[in-house]
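Data block below; observations after.
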Amino acid sequence: MKDQAQKLRELINRRNRSTKRTCSAKVVAITSGKGGVGKTNVALNLAIEFNASGKKVIILDGDLGLANIEVLLGTMPKYNLSDVIFGRKIITDIITEGPNDVKFISGGSGIGELTRLTEIQIKNFAQNLNLLDKIVDIIIIDTGAGISDTVMTFLSIADEVILVTTPEPTAITDAYALLKVFSDKVKGNDINIKLVVNRVRDEREGHRVYEKIKKVTDKFLNINMENIGSLPDDENLEKSVRRQQAVIVRYPKSDVSKALKNVSEKILDIKGDVNSNKGLKMFIEIVKNKVNLTKK
Ligand SMILES: Nc1ncnc2c1ncn2[C@@H]1O[C@H](COP(=O)(O)OP(=O)(O)OP(=O)(O)O)[C@@H](O)[C@H]1O
Ligand SMILES: [Mg+2]
Numbered sequence: 005m006k007d008q009a010q011k012l013r014e015l016i017n018r019r020n021r022s023t024k025r026t027c028s029a030k031v032v033a034i035t036s037g038k039g040g041v042g043k044t045n046v047a048l049n050l051a052i053e054f055n056a057s058g059k060k061v062i063i064l065d066g067d068l069g070l071a072n073i074e075v076l077l078g079t080m081p082k083y084n085l086s087d088v089i090f091g092r093k094i095i096t097d098i099i100t101e102g103p104n105d106v107k108f109i110s111g112g113s114g115i116g117e118l119t120r121l122t123e124i125q126i127k128n129f130a131q132n133l134n135l136l137d138k139i140v141d142i143i144i145i146d147t148g149a150g151i152s153d154t155v156m157t158f159l160s161i162a163d164e165v166i167l168v169t170t171p172e173p174t175a176i177t178d179a180y181a182l183l184k185v186f187s188d189k190v191k192g193n194d195i196n197i198k199l200v201v202n203r204v205r206d207e208r209e210g211h212r213v214y215e216k217i218k219k220v221t222d223k224f225l226n227i228n229m230e231n232i233g234s235l236p237d238d239e240n241l242e243k244s245v246r247r248q249q250a251v252i253v254r255y256p257k258s259d260v261s262k263a264l265k266n267v268s269e270k271i272l273d274i275k276g277d278v279n280s281n282k283g284l285k286m287f288i289e290i291v292k293n294k295v296n297l298t299k300k
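Under my numbering, the final residue of the sequence shown carries the number 300; numbering is consecutive throughout.
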């Protein structure tokens, strides 16, 4: 019986032969300081919009040990990321297909912090990401909330970091705390963050939140903040969550769906790094340095 590594090598070789595709997938991380601000809903609806515009998309549930996307979709995955990290499966085996063509990888329990994995486990992960990189255009990582090393690892490998907050003071403070920790971890590098303010009363409120955060980041952190839109507080989103459907599918004409479409267009419009291979390169760097992100 072939071992997983051999199977993976064969698949990568076959892919390389059968496709002229040389560019890498774009890695988009959706993150937040505070929990419950709407990351998973943003990730899911963006995935559907990206799919609709012809991109091959996969969502990686980066909130290891907790179920996010699968609950929103009411789908039970058979395998999860721990099967890859512990060498039992390869990445193409653990992709779950939900309704509306949404493909996702469930975050596995028992993995713990990514930065505490053994060298072989990180290698398994990196090699498998390499394959994923060859078969999709966009990898959306729905990170857990907060400032754990795992979240920081995912943010470091992302081409685009989308920070979600609500106008609540606690959410804004936690968003700032995340930016501070992230900018300390990747000192010296320019950081670009795209902000999405969720659950606003109107656009003006979203803009005020953006200005508030930008004022502090401009003053104290090496971060370029960009506002890519706000999403209204909309009961249609709650209704669609209860029905385990994406709001953009269930209520496509609702205000929140229109706003989500605008945000998705903004992300797809970002030029310059579509062919980036920062994600994988970064991950391999992290493998090599195993993992200087843990240094405090
Ligand atoms: N724009 C919105 N309008 C109304 N309700 C919303 C909106 N966005 C989010 N919610 C509510 O917030 C809940 C949490 O959303 P979601 O699960 O996407 O957050 P999360 O950031 O992924 O949470 P966690 O940190 O626990 O993973 C939703 O189930 C919904 O009830
Ligand atoms: Mg979530």
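Glycine residues also receive a C-beta, built at the ideal position from the N, C-alpha and C atoms.
Predicted model, so just to flag it, every value in this text is computed and none were measured.
| Since Phe-54 is in the beta strand (DSSP E), which residue starts that stretch and which ends it? | As a position in the sequence shown, residue 54 is number 50, starting the count at 1. It is not in any beta strand (DSSP E) - Phe-54 instead sits in the alpha helix (DSSP H) that spans 43 to 56.
| query | Any chance the CB of Thr-44 is under 6 Å from a heavy atom of ligand 2? | reply | Numbered from its first residue, the sequence shown carries residue 44 at position 40. At least one heavy atom of ligand 2 sits closer than 6 Å to the Cβ of Thr-44.
| query | Would Ser-268 pass as a contact of Asp-238 if the rule is Cβ separation under 7 Å? | reply | Taking the sequence shown and counting its residues from 1, one reaches residue 268 at position 264. Taking the sequence shown and counting its residues from 1, one reaches residue 238 at position 234. No, they are not a contact pair.
| query | Is the closest heavy atom of ligand 2 to the C-beta of Asn-134 under 6 Å? | reply | Here the question's residue 134 lines up with position 130 in the sequence shown. Not one heavy atom of ligand 2 falls within 6 Å of the beta-carbon of Asn-134.
| query | Is it buried or exposed for Pro-173, if we count other Cβ within 10 angstroms and need 16 for buried? | reply | Position 169 of the sequence shown, counted from the first residue, corresponds to residue 173. With fewer than 16 Cβ atoms within 10 Å of its Cβ, Pro-173 is classed as exposed.
| query | Closer than 6 Å: is that where the CB of Asn-84 sits relative to any heavy atom of ligand 2? | reply | Stepping through the sequence shown from its first residue, residue 84 is reached at position 80. For ligand 2, not one heavy atom lies less than 6 Å from the Cβ of Asn-84.
| Is DSSP giving Val-201 helix, strand or coil here? | The count along the sequence shown starts at 1 and reaches residue 201 at position 197. In the three-state reduction of the DSSP assignment, Val-201 falls in the strand class, which pools E and B.
| request: Evaluate Ser-113 with the Cβ neighbour count: other Cβ atoms within 10 Å of its Cβ, from every protein chain shown; 16 or more gives buried, anything less gives exposed. | output: Looking up residue 113 in the sequence shown gives position 109. Per the 10 Å Cβ criterion, exposed.
| message | What I want to know is whether the C-beta of Asn-128 ends up closer than 6 Å to one or more non-hydrogen atoms of ligand 1. | response | Taking the sequence shown and counting its residues from 1, one reaches residue 128 at position 124. No - ligand 1 has no heavy atom lying nearer than 6 Å to the Cβ of Asn-128.
| task | Please confirm if the region 219 to 239 is in contact with the region 191 to 199, defined as three or more CB-CB distances below 8 Å between the two stretches. | result | Contact between the region 219 to 239 and the region 191 to 199 is present, because at least three Cβ pairs lie under 8 Å.
| request: Would you tell me roughly how many angstroms separate the C-alpha atoms of Lys-59 and Thr-147, rounded to the nearest one? | output: On the sequence shown, residue 59 is found 55 positions in, with the first residue counted as 1. On the sequence shown, residue 147 is found 143 positions in, with the first residue counted as 1. The alpha-carbon atoms of Lys-59 and Thr-147 are separated by roughly 21 Å.
| request: Report the residue ranges of all alpha helix (DSSP H) runs contained in full by the region 107 to 141; include only those spanning at least 4 residues, in chain order. | output: Here the runs fully enclosed are 123 to 139.
| field | Simplified DSSP state of Leu-76, which is helix, strand or coil | value | In the sequence shown, residue 76 corresponds to position 72, counting from 1. Reduced to three states, the DSSP call for Leu-76 is helix.
| request: Identify whether Leu-241 lies in helix, strand or coil by the three-state DSSP scheme. | output: On the sequence shown, residue 241 is found 237 positions in, with the first residue counted as 1. Note: Leu-241 maps to helix in three-state DSSP.
| message | Below 8 Å on the Cβ atoms is my contact criterion, and I expect Pro-171 with Val-213 to pass it. Report the Cβ-Cβ distance as a whole number of Å. | response | The residue you call residue 171 lines up with position 167 of the sequence shown. The residue you call residue 213 lines up with position 209 of the sequence shown. Between Val-213 and Pro-171 the Cβ distance is about 5 Å, and since that is below 8 Å, they are a contact.
| said: Measuring only the C-alpha atoms, how far is Asp-277 from Val-32? | reply: By 1-based counting over the sequence shown, the position of residue 277 is 273. By 1-based counting over the sequence shown, the position of residue 32 is 28. Since pLDDT at Asp-277 reaches only 49, below the 50 mark, its modelled position is unreliable, and no value is offered.
| Apart from the five residues just before and just after Gln-322, which ones in its own chain have a Cβ nearer than 6 Å to its Cβ? | There is no way to answer for residue 322, as the model of the chain reaches only from 5 to 300.
| Of all the alpha helix (DSSP H) runs that stay within the bounds of the region 139 to 210, which reach a length of 4 or more residues? | Counting only runs of 4 or more, we get 153 to 161 and 173 to 189.
| request: Please state whether DSSP places Pro-236 in a helix, a strand or coil. | output: Working through the sequence shown from its first residue, we reach residue 236 at position 232. The answer is strand: DSSP assigns Pro-236 an E or B state.
| field | Own chain residues within Cβ distance below 7 Å of Phe-158, not counting five before or after | value | Counting from one through the sequence shown, the residue named residue 158 turns up at place 154. Ala-33, Gly-66, Ile-145 and Thr-147.
| said: Assuming the contact rule is C-beta atoms closer than 8 Å, Ile-95 and Leu-121 should be a hit. Round their C-beta distance to whole Å, please. | reply: Here residue 95 is taken as the residue at index 91 of the sequence shown, counted from 1. Here residue 121 is taken as the residue at index 117 of the sequence shown, counted from 1. About 16 Å separates the beta carbons of Ile-95 and Leu-121, which is beyond the 8 Å limit, so they are not a contact pair.
| message | Can you list, in chain order, the residues of its chain with a C-beta nearer than 6 Å to that of Leu-241? Leave out the 5 residues immediately preceding and following it. | response | Translated into positions along the sequence shown, residue 241 becomes position 237. Excluding sequence positions up to five before and after Leu-241, its CB lies within less than 6 Å of the CB of Val-251 and Val-260, all in the same chain and listed in chain order.
| query | How many whole angstroms separate the CB atoms of Leu-77 and Pro-103, which I take to be in contact at a CB cut-off of 8 Å? | reply | Within the sequence shown, residue 77 is the residue found at index 73, counting from 1. Within the sequence shown, residue 103 is the residue found at index 99, counting from 1. Contact check for Leu-77 and Pro-103: beta-carbon distance about 6 Å, within the 8 Å limit, so the pair qualifies.
| request: Would you mind sorting Ser-57 into buried or exposed? The rule is 16 or more other CB atoms within 10 Å of its CB. | output: In the sequence shown, counting from the first residue as 1, residue 57 sits at position 53. Classification for Ser-57: exposed.
| field | Three-state secondary structure (DSSP) of Asp-222 | value | The count along the sequence shown starts at 1 and reaches residue 222 at position 218. Helix.
| request: For Leu-64, name the three-state secondary structure that DSSP assigns. | output: For the purposes of this step, residue 64 is identified with residue 60 of the sequence shown, where counting begins at 1. Looking at Leu-64 - three-state DSSP - the assignment turns out to be strand.
| Considering Ser-261, what are the terminal residues of the beta strand (DSSP E) in which it resides? | Stepping through the sequence shown from its first residue, residue 261 is reached at position 257. Segment 259 to 273 is the alpha helix (DSSP H) holding Ser-261; no beta strand (DSSP E) there.
| query | Taking 6 Å as the cut-off, does the CB of Asn-49 come closer than this to any heavy atom belonging to ligand 2? | reply | As a working mapping, residue 49 is identified with position 45 in the sequence shown. No.
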